[in-house]
Amino acid sequence: MAQAVNAPASGPLQWKGEGVTIAQVLDALTDFRREYAQMQLPDDDHPRPRNTVMTLIAVAATEAEEKRAISESTAIAVHHPSLAIVVRDQADVKEGRIDASITAPLVPADGVGDFPSHYELVTLHVRGGAASHLGALVDPLLVSGVPTYIWWLGTPPFGSHELRDALQVADALVVDSARFARPYHSFVGLSDTIAHAHKRLGMADLHWARLDPWRETIAQFFAPIVRRSFLSGINEIGIDYTGQGRGNRIPSSVLIGWIASALGWKLQRASGGAGGVVSAQYEAEKWRVVDVAFRSVAKPGLVEGEISTVRILGVASGTSFKLEISRAPERPRRASPDIGPLQFQHLHATGGEDDAGMELAQRKAAQHREMAFQNREQLHHVATGDPESVPQRPTVFVRERRSPDNSMVLLTLIDIGAADTLRHVQRIESTTDASLLVEVLALGARDGVYTRSLAAGADLMRAL
Amino acid sequence: MSVVAPNPLAEGLHDYRVAEPALMVIFGATGDLSGRKLLPALYNLAKQRLLPAGFAVVGAAIDDLSDDAFRKRATDKITTFSRTQPVDQQVLQSFLEALFYVKVDFGKLDDFRTLGRKLAELDTSRHVGGNRVFYCATPPPTYETITEQLRAAGLNAGDGYHRVVVEKPFGTDLKSARELNKIVQRVFHENSVYRIDHYLGKETVQNIMAFRFANTIFEPVWNCHFIDSVQITAAEELGIENRGAYYDKAGTLRDIVQNHALQLLSLTAMEPPVEFEAEAVRDEKVKVLKAVRPLADEEIAKATVRGQYTSGYVLGEHVHSYREEPDVTQGSLTETFVALRLFVDNWRWAGVPFYIRAGKRMPKRATEIRIQFNRPPHLTFGRTAAQELDPNAITLRIQPEEGISLKFGAKVPAAGIRLRSVAMDFLYASSFLVEAPEAYERLLLDCMIGDPTLFTRADEVETAWTLIDPIEAAWRDGRPPLQMYAAGTWGPQGAAKLLEADGREWHRP
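Just so you know, the protein sequences line up as chains R and D, in that order.
Under the working numbering, the first residue of the first sequence is numbered 306, with each subsequent residue one higher.
Under the working numbering, the first residue of the second sequence is numbered 49, with each subsequent residue one higher.
#1: For residue 759/R, would you say it is in contact with chain D, using Cβ-to-Cβ distances shorter than 8 Å as the test?
#2: Write down the C-beta distance between residue 476/R and residue 439/R rounded to the nearest angstrom, noting that I regard them as a contact closer than 8 Å.
#3: Could you spell out where the beta strand (DSSP E) holding residue 454/R opens and where it closes?
#4: Is residue 269/R close to chain D, meaning its C-beta is less than 8 Å from at least one C-beta of that chain?
#5: Listing by chain order, which chain D residues have their CB less than 7 Å from the CB of residue 714/R?
#6: Indicate whether at least one CB of chain R lies closer than 8 Å to the CB of residue 55/D.
#7: When you compare only the Cα positions, how much space is there between residue 73/D and residue 318/D?
#8: List the residues of chain D that residue 727/R touches, going by C-beta distances under 8 Å, in chain order.
#9: Anyone know if the C-beta pair for residue 377/R and residue 742/R falls short of 8 Å?
#10: Taking residue 432/R as the reference, give the member of 525/R, 372/R, 323/R, 449/R with the closest Cα.
#11: Would a C-beta distance cut-off of 8 Å place residue 538/D and residue 523/D closer than the cut-off?
#12: Check whether the Cβ of residue 59/D lies closer than 8 Å to any Cβ atom in chain R.
#13: What is the rounded straight-line gap between the Cα of residue 134/D and the Cα of residue 486/D?
#14: From the DSSP secondary-structure annotation, give me the bridge partner or partners of residue 499/R.
#15: Looking at the structure shown, is residue 416/D part of a helix, part of a strand, or coil, going by DSSP?
#16: For the region 395 to 415 of chain D and the region 296 to 315 of chain D, state whether three or more C-beta atom pairs, one from each stretch, are separated by less than 8 Å.
#17: So for residue 751/R, helix, strand or coil by DSSP?
#18: At which residues does the beta strand (DSSP E) containing residue 510/R begin and terminate?
#19: At a Cβ threshold of 8 Å, is residue 730/R touching chain C?
#20: With a threshold of 8 Å on Cβ separation, who are the neighbours of residue 79/D within its own chain once the five nearest residues in sequence on each side are excluded?
#21: Does residue 752/R have its Cβ less than 8 Å from a Cβ in chain D?
#22: Tell me whether residue 733/R sits in a helix, a strand or coil according to DSSP, three-state version.
#23: Which same chain residues, not among the five before or five after residue 127/D, have their C-beta less than 7 Å away from its C-beta?
#24: Please report the Cβ distance between residue 276/D and residue 92/D, rounded to the nearest whole angstrom; I am assuming they are in contact, meaning their Cβ atoms lie under 8 Å.
#25: Apart from the five residues on each side of it in sequence, which residues of its chain come closer than 6 Å, Cβ to Cβ, to residue 721/R?
#26: Assuming residue 502/R contacts residue 472/R (C-beta within less than 8 Å), just tell me the rounded distance between them.
#27: Under three-state DSSP, which class holds residue 147/D?
#28: In the structure shown, what three-state DSSP assignment does residue 489/R receive?
#29: Per the contact definition of three or more C-beta pairs closer than 8 Å, is the region 532 to 551 of chain D in contact with the region 235 to 242 of chain D?
#30: Indicate whether at least one CB of chain D lies closer than 8 Å to the CB of residue 523/R.
#31: Under a Cβ-count criterion, where at least 16 other Cβ atoms within 10 Å of its own Cβ denotes burial, should residue 294/D be classed as buried or exposed?
#32: When the distance is taken between beta carbons, is residue 719/R closer than 8 Å to residue 599/R?
#33: Compare the C-beta of residue 135/D with all C-beta atoms of chain R and state if any pair is closer than 8 Å.
#34: Can you say whether residue 325/D is buried or exposed, counting buried as having 16 or more other CB atoms within 10 angstroms of its CB?
#35: I need the boundaries of the beta strand (DSSP E) containing residue 321/R, first residue and last residue.
#36: Candidates 381/D, 338/D, 262/D: which alpha carbon is nearest residue 393/D's?
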């Protein structure tokens, strides 16, 4: 039974109904808008027109997701006047019933004088069969003439009638592949959905937006015209990621998919091994082989699945190049008495507790030792003639000094030819669901680069 | 010239706006413009990850500073003037590492050679490939010396691109503007000269073109058949803010009308360019400026108003008169207010007056373009019903509440027929999720990318001066006489009379 509950004029308007039909919700929404317009009546001559730029339908399977949907859509409304419909999908409950509420929180618009942002929040708790017909359920409530986005907070039921039905009313589906319950299968399902969706449907993945800093930094390296030839000289890409299991390889696969699809590489073979290792080969320019390797590396501060390092190596026109981008880079600490003597630090000492030169010198020294260690058998055999005796792995006296927010730092190291390493530090903004939603919706959800990167990434995942 | 394919990895990133690494030399690096605008804008570009690895700034000025001292000074300025607060220390530290300083006395060639050696060193260590931007954040009289010294030191050629950025004012009249263009073009090709008028970097100014040319509903009525008049207002509540010495020589006509107001006029009146590309856009802007009817000597007294503020109250506070401002000459006749009536003599705008008003110490800060439409040809509902009904109008608000407002008539919900004007507002800030960058951020990035669309071309500057010079000449002869207005008002009486004579009135922003 529907009940109108109007708050005092100074507070937000509210309406609640239990066991209602969508027609009743629609009527309430109409009444609600009339009353809201009166409440907002400014001192001059007429009410401000309602300014709505989108309908955001958030589909939540749990109470936690519902709370998140309400919180994030309200955060977005500060800049983006909108109608948000939060649907709590309870299709598994047999008894068919819809409970609804409407509120218009008075969202102060940020930096827009004294204009409050127009924002309406409709929540629908849908039990029983109606939940499987989301399109028909929300269609009457949509704001005409503005885009409708469906934000599926959990894992969309890929391949199901329910999802197909919902997508009929949407201009775009927004997901976060980082939150998929069964990452691998869902990822493949997402790729298939894009391949078979109606043509005007856009697709946005919040996790794709998280890859932006990596994409930007890689693209910037190849931006100078003189480095454009490097693109056809790439022969090795390595990615370190956190976590175990194939689900955690998805971001790495999408990033490789992005590079491969942009440069026209074809996947030749791929295999996965223990410890999260992936090895793949791509064919570039129909003859060249590019080796791709992933490895799982634990990195404090990053959540599972996140990329921690990307290395791109190659040779073009007789010049070797290496691009290494690291998130949350380890930073060396000046030697302290309890560690003991650090000879290479003395050799390269440049002064200063936090000196970039020292860090680079340490990295180069460590890289050199690592290379020597990897080739130890051959080297030792050449040196001693005794293949059985191999040297111990060298001890690297480097201790981590991680400032609390170091996880948001992106360190780029560039080596071109024999020149000194160029070091470049950037900062990644901390992202929330709201900020990522804002980013993908502001730039448009029809992103051809994402679609083809996802397809290429899915090809790699399937091949493993 | 070979065409290099675009970077395939840049697709979809910042609309393909990825800059190449470059060295930016800021002449006058210790000055006000550098500290208030350039360094904070570059910091914010770094924060948005739009400065590529290798990018570096070399400050060049007469002060004897070390790199560290320059970095310290930059830190203070960025901390104070950055649009994003608080300043991110990690981004700032990284940005400061790419900041260098060379003492340069613009008159000494040896100093430019020293600068050249520093650039060569950075070129190698930072893999910049020879790309250089020379930013003259200095007064215009220094441009000649700087550009000539750059040529003498061989810094205007070599691998990579070499661009020069100069700030407005671009001359003080047609003669000096031509001379300035000649000087700069002796050293740099016109394609490499970036004349900054920061107004064009404002999102809302660019949106004038989007509004007109990305929609089908406005362009069919955007002509003399439907439009009665156009009003361009550039009002500031501020006075001259310690710029007395400069302002007393320049005046509002040169400081605002020659550049900002005529830019707004050309964007409002221009024909649709074939594409949003530098030459296509700038060709159309020049065409419309050339179509503006220069005011004949005898018309200037009737079609122009010049005013100067006396003391008064602005935003509730008492302010001094212009002549009491520091560094203003006693009995100065410099105008702080201008009103003009111009006509654009082409097919589209025949007979439509363009009213421009710009002034200091107005009641509030407001820049807007108001397109006033004709009244309906017949009052279907009778004169009484429509007595509160104004003609349709579109207002393009540039600042401070950027947006667009459409005014139209609607029936008052009551018995009988009564009509009233209502407004439909679009507010930039409440309709987009993206925070607009500061104008300098956009323009600096455009310069690094090599997109001069939002920079002023030499012929555009010169055409604008051909419209201003006759007015300046008549004003020097005292025609029309300078009128006084109280600070905190919308200008002298003459401004209102200018429109009253045409049966119109100024819109109150």
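The C-beta atom is built at its ideal place from N, Cα and C for all residues, glycine as well.
Per the coordinate set shown:
#1: On the first sequence, position 454 is the one that residue 759/R refers to. No, its Cβ sits nowhere closer than 8 Å to a Cβ of chain D.
#2: Against the first sequence, residue 476/R aligns to sequence position 171. Against the first sequence, residue 439/R aligns to sequence position 134. Not confirmed; about 15 Å, so no contact.
#3: Here the question's residue 454/R lines up with position 149 in the first sequence. Residues 453 to 457.
#4: Because chain R in this structure spans residues 306 to 769, residue 269/R falls outside the shown range and cannot be described.
#5: Taking the first residue of the first sequence as 1, we reach residue 714/R at position 409. For the C-beta of residue 714/R, the chain D residues within less than 7 Å are, from N- to C-terminus, 138.
#6: What you label residue 55/D is simply residue 7 of the second sequence in a count that begins at 1. For residue 55/D, the answer is yes, since a Cβ of chain R falls inside 8 Å of its Cβ.
#7: Here residue 73/D corresponds to residue number 25 of the second sequence, with the count starting at 1. Here residue 318/D corresponds to residue number 270 of the second sequence, with the count starting at 1. Take the alpha-carbon of residue 73/D and the one of residue 318/D: they are about 35 Å apart.
#8: Taking the first sequence and counting its residues from 1, one reaches residue 727/R at position 422. 101, 102, 173, 174, 175, listed in chain order.
#9: Mapped onto the first sequence, residue 377/R falls at position 72. Mapped onto the first sequence, residue 742/R falls at position 437. Contact flag set, yes.
#10: Residue mapping note: residue 432/R aligns to position 127 of the first sequence, counting from 1. Nearest C-alpha to residue 432/R: 323/R.
#11: For the purposes of this step, residue 538/D is taken as residue 490 along the second sequence, with counting starting at 1. For the purposes of this step, residue 523/D is taken as residue 475 along the second sequence, with counting starting at 1. In this structure, residue 523/D does not lie closer than 8 Å to residue 538/D by Cβ.
#12: Here the question's residue 59/D lines up with position 11 in the second sequence. Closer than 8 Å: yes.
#13: Taking the second sequence and counting its residues from 1, one reaches residue 134/D at position 86. Taking the second sequence and counting its residues from 1, one reaches residue 486/D at position 438. Approximately 16 Å between the Cα atoms of the pair.
#14: In the first sequence, counting from the first residue as 1, residue 499/R sits at position 194. In DSSP, residue 499/R forms no bridge with anything.
#15: Stepping through the second sequence from its first residue, residue 416/D is reached at position 368. Annotated three-state conformation of residue 416/D is strand, per DSSP.
#16: Three or more Cβ pairs closer than 8 Å define a contact, and the region 395 to 415 of chain D meets that threshold against the region 296 to 315 of chain D.
#17: Numbered from its first residue, the first sequence carries residue 751/R at position 446. If DSSP states are grouped into helix, strand and coil, residue 751/R belongs with the strands.
#18: On the first sequence, residue 510/R is found 205 positions in, with the first residue counted as 1. Note, residue 510/R: beta strand (DSSP E), 507 to 510.
#19: Of the protein chains in this structure, namely R and D, none is chain C.
#20: The sequence position of residue 79/D within the second sequence is 31, counting from 1. These residues qualify, in order along the chain: 109, 185, 186.
#21: As a first step, residue 752/R is located in the first sequence; it is residue number 447 there, counting from the start. Yes, residue 752/R counts as interfacial toward chain D.
#22: Along the first sequence, read from residue 1 onward, the residue named residue 733/R stands at position 428. It is coil, neither helix nor strand.
#23: Here the question's residue 127/D lines up with position 79 in the second sequence. So the list reads 135, once near-sequence residues are dropped.
#24: The residue you call residue 276/D lines up with position 228 of the second sequence. The residue you call residue 92/D lines up with position 44 of the second sequence. That pair is no contact at about 42 Å.
#25: The count along the first sequence starts at 1 and reaches residue 721/R at position 416. Within the same chain, 626 come within 6 Å of residue 721/R by CB-CB distance, once the 5 residues on both sides are set aside.
#26: Stepping through the first sequence from its first residue, residue 502/R is reached at position 197. Stepping through the first sequence from its first residue, residue 472/R is reached at position 167. So it is a contact: roughly 6 Å between Cβ atoms.
#27: Locating residue 147/D in the second sequence gives position 99, where the first residue counts as 1. Correct three-state label for residue 147/D: strand.
#28: Residue mapping note: residue 489/R aligns to position 184 of the first sequence, counting from 1. Helix at residue 489/R.
#29: no
#30: Position 218 of the first sequence holds residue 523/R. Yes - at least one Cβ of chain D is within 8 Å of the one on residue 523/R.
#31: As a first step, residue 294/D is located in the second sequence; it is residue number 246 there, counting from the start. By the neighbour-count criterion, in which 16 or more other beta carbons inside 10 Å mark a residue as buried, residue 294/D falls on the exposed side.
#32: The sequence position of residue 599/R within the first sequence is 294, counting from 1. The sequence position of residue 719/R within the first sequence is 414, counting from 1. Residue 599/R is not a Cβ neighbour of residue 719/R, given a cutoff of 8 Å.
#33: Taking the second sequence and counting its residues from 1, the one referred to as residue 135/D is at position 87. It does not: the Cβ of residue 135/D has no partner Cβ on chain R nearer than 8 Å.
#34: As a working mapping, residue 325/D is identified with position 277 in the second sequence. It is exposed - the Cβ of residue 325/D has fewer than 16 other Cβ atoms within 10 Å.
#35: Here residue 321/R corresponds to residue number 16 of the first sequence, with the count starting at 1. 318 to 322 is the span of the beta strand (DSSP E), which, as asked, contains residue 321/R.
#36: For the purposes of this step, residue 393/D is identified with residue 345 of the second sequence, where counting begins at 1. Closest option to residue 393/D, Cα to Cα, is 338/D.
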